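First to last, the protein sequences are chains Y and D. Start counting the first sequence at 1; every next residue gets the next number (this note's numbering). Start counting the second sequence at 1; every next residue gets the next number (this note's numbering). Structure first, then comments.
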Amino acid sequence: MTATHLGMPAFPAAAREAVRDDVLRANLRRATHTIRDKRARAVAELADWDRLRAAGKAVKDHTLRHLDHYLLQLEEAVTAAGGTVHWAADADEANRIVTDLVLATGERELVKVKSMATQETGLNEALEAAGIAAYETDLAELIVQLGHDRPSHILVPAIHRNRAEIRDVFRAEMGGWGRPAPDGLGDDPRELAEAARLHLREKFLRAKVAVSGANFMVAETGTLVVFESEGNGRMCLTLPETLISVVGIEKVVPTFRDLEIFLQTLPRSSTAERMNPYTTMWTGTTDGDGPAAFHLVLLDNGRTDTLADEVGRQALRCIRCSACLNVCPVYERAGGHAYGSVYPGPIGAILSPQLRGTDSEIDASLPYASTLCGACYDVCPVAIDIPEVLVHLRERVAQGGPVTRDGIRVRLRPAHGRTAERAAMRAARLLLDHPGALRAGERLLARARRMRPRRLPGPGRAWTDTRELPELPAESFRDWWTRERGTPQ
Amino acid sequence: MTSRDVVLGRIRRALGERGPGPRPSPGPAGAAEIPRDYLAVHGARTPAETVDLLAAHLAEYRARVHRTDEDGLPALLADLLARRGARTVLVPPGLPAHWLAAAEPAHVQDRAESTARQLDAVDSVVTGCALAVAETGTLVLDGGPEQGRRRITLIPDHHICVVRVPGQVVDSVPRAVALLDPARPLTWISGPSATSDIELDRVEGVHGPRTLDVVLLGAQ
Numbered sequence: 001m002t003a004t005h006l007g008m009p010a011f012p013a014a015a016r017e018a019v020r021d022d023v024l025r026a027n028l029r030r031a032t033h034t035i036r037d038k039r040a041r042a043v044a045e046l047a048d049w050d051r052l053r054a055a056g057k058a059v060k061d062h063t064l065r066h067l068d069h070y071l072l073q074l075e076e077a078v079t080a081a082g083g084t085v086h087w088a089a090d091a092d093e094a095n096r097i098v099t100d101l102v103l104a105t106g107e108r109e110l111v112k113v114k115s116m117a118t119q120e121t122g123l124n125e126a127l128e129a130a131g132i133a134a135y136e137t138d139l140a141e142l143i144v145q146l147g148h149d150r151p152s153h154i155l156v157p158a159i160h161r162n163r164a165e166i167r168d169v170f171r172a173e174m175g176g177w178g179r180p181a182p183d184g185l186g187d188d189p190r191e192l193a194e195a196a197r198l199h200l201r202e203k204f205l206r207a208k209v210a211v212s213g214a215n216f217m218v219a220e221t222g223t224l225v226v227f228e229s230e231g232n233g234r235m236c237l238t239l240p241e242t243l244i245s246v247v248g249i250e251k252v253v254p255t256f257r258d259l260e261i262f263l264q265t266l267p268r269s270s271t272a273e274r275m276n277p278y279t280t281m282w283t284g285t286t287d288g289d290g291p292a293a294f295h296l297v298l299l300d301n302g303r304t305d306t307l308a309d310e311v312g313r314q315a316l317r318c319i320r321c322s323a324c325l326n327v328c329p330v331y332e333r334a335g336g337h338a339y340g341s342v343y344p345g346p347i348g349a350i351l352s353p354q355l356r357g358t359d360s361e362i363d364a365s366l367p368y369a370s371t372l373c374g375a376c377y378d379v380c381p382v383a384i385d386i387p388e389v390l391v392h393l394r395e396r397v398a399q400g401g402p403v404t405r406d407g408i409r410v411r412l413r414p415a416h417g418r419t420a421e422r423a424a425m426r427a428a429r430l431l432l433d434h435p436g437a438l439r440a441g442e443r444l445l446a447r448a449r450r451m452r453p454r455r456l457p458g459p460g461r462a463w464t465d466t467r468e469l470p471e472l473p474a475e476s477f478r479d480w481w482t483r484e485r486g487t488p489q
Numbered sequence: 001m002t003s004r005d006v007v008l009g010r011i012r013r014a015l016g017e018r019g020p021g022p023r024p025s026p027g028p029a030g031a032a033e034i035p036r037d038y039l040a041v042h043g044a045r046t047p048a049e050t051v052d053l054l055a056a057h058l059a060e061y062r063a064r065v066h067r068t069d070e071d072g073l074p075a076l077l078a079d080l081l082a083r084r085g086a087r088t089v090l091v092p093p094g095l096p097a098h099w100l101a102a103a104e105p106a107h108v109q110d111r112a113e114s115t116a117r118q119l120d121a122v123d124s125v126v127t128g129c130a131l132a133v134a135e136t137g138t139l140v141l142d143g144g145p146e147q148g149r150r151r152i153t154l155i156p157d158h159h160i161c162v163v164r165v166p167g168q169v170v171d172s173v174p175r176a177v178a179l180l181d182p183a184r185p186l187t188w189i190s191g192p193s194a195t196s197d198i199e200l201d202r203v204e205g206v207h208g209p210r211t212l213d214v215v216l217l218g219a220q
């Protein structure tokens with residue numbers, strides 16, 4: 001994964017900055033609370049929600065267990081339907097394939113449908129380096145692109161911006177990219193949507209090449225599916241002559257029928273609607289309707305490494321609905337940028353460290369960016385036990401152990417920052433194994449209780465950055481018991 | 001070694017297999033382990049109630065719903081186009097001729113060589129559909145002769161979609177998926193174009209048609 005935000009501080013430092021930003025916190029609070037209640041109502045409408053959730057999980061687990069089989073079946077079906085399939089082991093390879101395909105058309109600009117996979121690979125930057133302009137057409141992506149900003153939410157990348165900020169970005173930046181914002185543009189969402197419509201229409205009408213992702217790929221038929229709301233997806237998927245879709249290998253499902261599950265669970269989990277306004281399904285190319293050339297780039301980029309971890313692989317079930325972000329108390333306060341990845345929130349905290357490894361400070365800190373409250377697991381439409389994976393990844397960061405990197409099994413060393421934690425654990429074990437030493441230690445502490453510092457010195461300092469030291473009692477529980485109830489043992 | 005071999009090799013190692021060995025079979029046999037005890041339909045309804053539910057759910061997402069029979073259809077379509085002030089209307093190749101017999105606007109036939117820019121100059125489009133889903137308030141287009149290419153229901157700002165009721169209405173998403181042919185390009189439409197991108201609140205009207213009229217056509 002190349003799109004690690006360079007120099008990104010660890011989660012605690014980034015979150016500390018974010019929670020000081022009152023505007024950001026207010027924007028996030030309003031948005032996440034609105035969607036939270038609506039989602040609960042949309043889900044409550046379906047009496048069989050739990051069964052749909054179990055079926056969605058089972059479809060994804062079954063597919064992952066036979067991923068090689070289904071990818072080969074998909075490749076055959078897409079090829080038979082007139083498409084061309086490419087395989088990319090990592091981000092650079094995916095970017096190179098797309099760049100070469102675009103250059104071969106002779107075009108130097110393209111339109112894009114919102115795609116997490118191409119954000120993950122940093123495709124826009126790679127295209128720019130090759131002299132190709134990539135225009136984001138999803139409203140929120142447009143806001144992010146025009147504002148020289150970073151996405152902070154899976155579904156609504158500009159969730160950290162309120163309407164007044166969006167108006168300012170449109171006024172200042174649209175002219176530099178194409179049609180300027182209308183004079184006197186206000187901050188009513190309707191006006192802002194209209195401004196985006198006008199700005200992007202000329203780009204849609206002249207575009208010869210589009211790049212998309214996909215929500216699902218059907219192995220048996222070679223069908224790709226894109227869920228969207230605005231119609232920018234339909235524009236990109238049907239008007240250009242060449243369509244290039246970059247899709248993670250975990251997006252495959254076995255049968256067309258399987259879509260009946262996700263067509264019910266994804267919109268309700270995502271935008272809290274019975275159904276999103278537009279869903280497009282296409283199979284290869286169709287004569288006279290839509291692009292004449294279709295390329296599918298299958299992306300690994302850490303997914304097979306994630307698959308090798310028996311606990312962590314459940315993260316690959318994710319259908320990118322973002323329900324876990326919207327219910328997360330940590331996300332609500334810290335915002336998406338603090339996670340330092342295109343995948344923020346609870347799912348990002350388990351996905352990024354697995355896709356990218358835990359070498360960087362930010363990735364090693366992500367498994368700790370949670371209170372383990374479990375709200376994310378409750379709302380997940382494919383039942384990913386995010387707390388379970390978080391604890392598993394914490395253990396791996398703290399103690400090291402076997403992991404797979406670029407297909408090779410390696411042993412991870414315990415993280416440097418965790419030496420104090422491990423020393424404390426060793427000391428605790430020693431004390432608990434030796435009751436005499438424990439008693440002596442407790443009495444010594446009780447006598448010195450007035451001298452209790454507010455913060456621990458030395459390696460314990462980090463621990464007290466975010467915690468109060470507990471009050472020390474005048475006598476230990478063991479001494480109290482002996483005094484009240486007589487000598488034990 | 002190609003990247004295809006690299007990725008497939010990594011998958012097989014991750015799953016504890018060296019090659020396509022005797023794993024429990026994928027495909028139909030292995031897929032039997034997927035529990036499909038979820039509901040095919042939510043609730044019991046008469047065909048008329050299903051049509052009413054479709055109408056209610058369409059309206060909730062700001063589609064404008066109208067009802068008429070075969071005899072009333074030409075006048076209703078003419079009226080909807082007139083109220084819109086449309087001067088031109090796109091016509092799919094297989095649209096029944098009498099549907100637009102009373103309509104004032106000039107008919108524009110969609111041709112293979114029609115460019116997106118030409119279609120952008122057209123005011124309205126009238127189509128049929130493949131089916132409609134009551135529980136979600138969804139219209140599904142599959143490029144049939146009464147619907148035409150995908151672009152003609154996308155570029156004009158006003159779409160009138162005619163649904164034959166109760167014949168083309170199914171109760172639920174599973175019922176719809178069972179009837180559709182994935183080899184055809186499919187477009188699922190639930191209300192006019194919208195966005196939730198500004199403060200996570202739904203606003204109608206971005207790139208697709210901002211006005212969606214749905215005509216439920218059947219015995220009144």
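Using N, Cα and C, we set each Cβ at its ideal position, and we do this for glycine too. As the structure is a prediction and not an experimental result, all values here were calculated from the model.
Does any C-beta atom of chain Y lie closer than 9 Å to the C-beta of residue i?
| i | result |
| --- | --- |
| D/P209 | yes |
| D/G143 | yes |
| D/I34 | yes |
| D/V51 | no |
| D/T88 | no |
| D/E146 | no |
| D/P22 | Here D/P22 scores only 48 on pLDDT, less than 50, and its place in the model should not be relied on; the value that follows carries that caveat. No, D/P22 lies away from the interface with chain Y (no Cβ there is under 9 Å from its Cβ). |
| D/S3 | yes |
| D/G128 | no |
| D/G201 | It should be pointed out that residue 201 of chain D corresponds to Asp in this sequence rather than to Gly. Yes, its Cβ sits closer than 9 Å to a Cβ of chain Y. |
| D/H98 | no |
| D/L236 | Nothing about residue 236 of chain D can be reported from this structure: the residues present for chain D run from 1 to 220 only. |
| D/G240 | In the structure as shown, chain D starts at 1 and stops at 220, and residue 240 of chain D therefore has no counterpart that could be examined. |
Any beta-carbon of chain D closer than 9 Å to the one on residue i?
| i | result |
| --- | --- |
| Y/E471 | no |
| Y/H148 | no |
| Y/N162 | yes |
| Y/N27 | yes |
| Y/N215 | no |
| Y/A55 | yes |
| Y/A91 | no |
How would you label residue i, buried or exposed, when you count the other beta carbons within 10 angstroms and need 16 or more for buried?
| i | result |
| --- | --- |
| D/P156 | buried |
| D/L53 | buried |
| Y/H337 | buried |
| D/G21 | Low local confidence applies: a pLDDT of 48 at D/G21 is under 50, so the model's placement there is unreliable, and no value is given. |
| D/E113 | exposed |
| Y/V410 | exposed |
| D/A219 | exposed |
| Y/Q354 | buried |
| D/Q109 | exposed |
| D/A176 | buried |
| D/E199 | buried |
Mind pulling the chain B residues with CB within less than 8 Å of residue i?
| i | result |
| --- | --- |
| D/P192 | Checking the listed chains, one finds no chain B in this structure; the protein chains it contains are Y and D. |
Among all the DSSP beta bridges, which residues are the ones paired with residue i?
| i | result |
| --- | --- |
| Y/E295 | For clarity, residue 295 of chain Y is His in the given sequence; the question names Glu instead. DSSP output for Y/H295 lists Y/T84 and Y/I244 as bridge partner(s). |
| Y/W282 | Y/L224 |
| D/S124 | D/V89 and D/H158 |
| D/A106 | D/T88 |
| D/T138 | D/V133 |
| Y/Y135 | Y/V111 |
| Y/P435 | Paired residue(s): none; Y/P435 is not in a bridge. |
| Y/T304 | In DSSP, Y/T304 forms no bridge with anything. |
| Three or more C-beta pairs below 8 Å linking the stretch 29-47 of chain Y and the stretch 241-261 of chain Y | no
| message | Ignoring anything shorter than 3 residues, give me the beta strand (DSSP E) runs that lie fully in the stretch 150-199 of chain D, in order along the chain. | response | 158-164 and 186-189
| Do the stretch 187-206 of chain Y and the stretch 61-73 of chain Y meet, that is, are 3 or more Cβ pairs less than 8 Å apart? | no
| field | Stretch-stretch touch, CB-based, cutoff 8 Å, three pairs: the stretch 18-28 of chain Y with the stretch 251-270 of chain Y | value | no
| Ordered list of alpha helix (DSSP H) runs contained in the stretch 166-217 of chain Y, each at least 4 residues | 189-206
| field | Runs of beta strand (DSSP E) wholly within the stretch 24-108 of chain Y (minimum 3 residues, chain order) | value | 84-88
| field | Completely contained alpha helix (DSSP H) runs for the stretch 294-373 of chain Y, where each covers 4 or more residues | value | 303-307, 323-327, 329-334, 345-356 and 361-365
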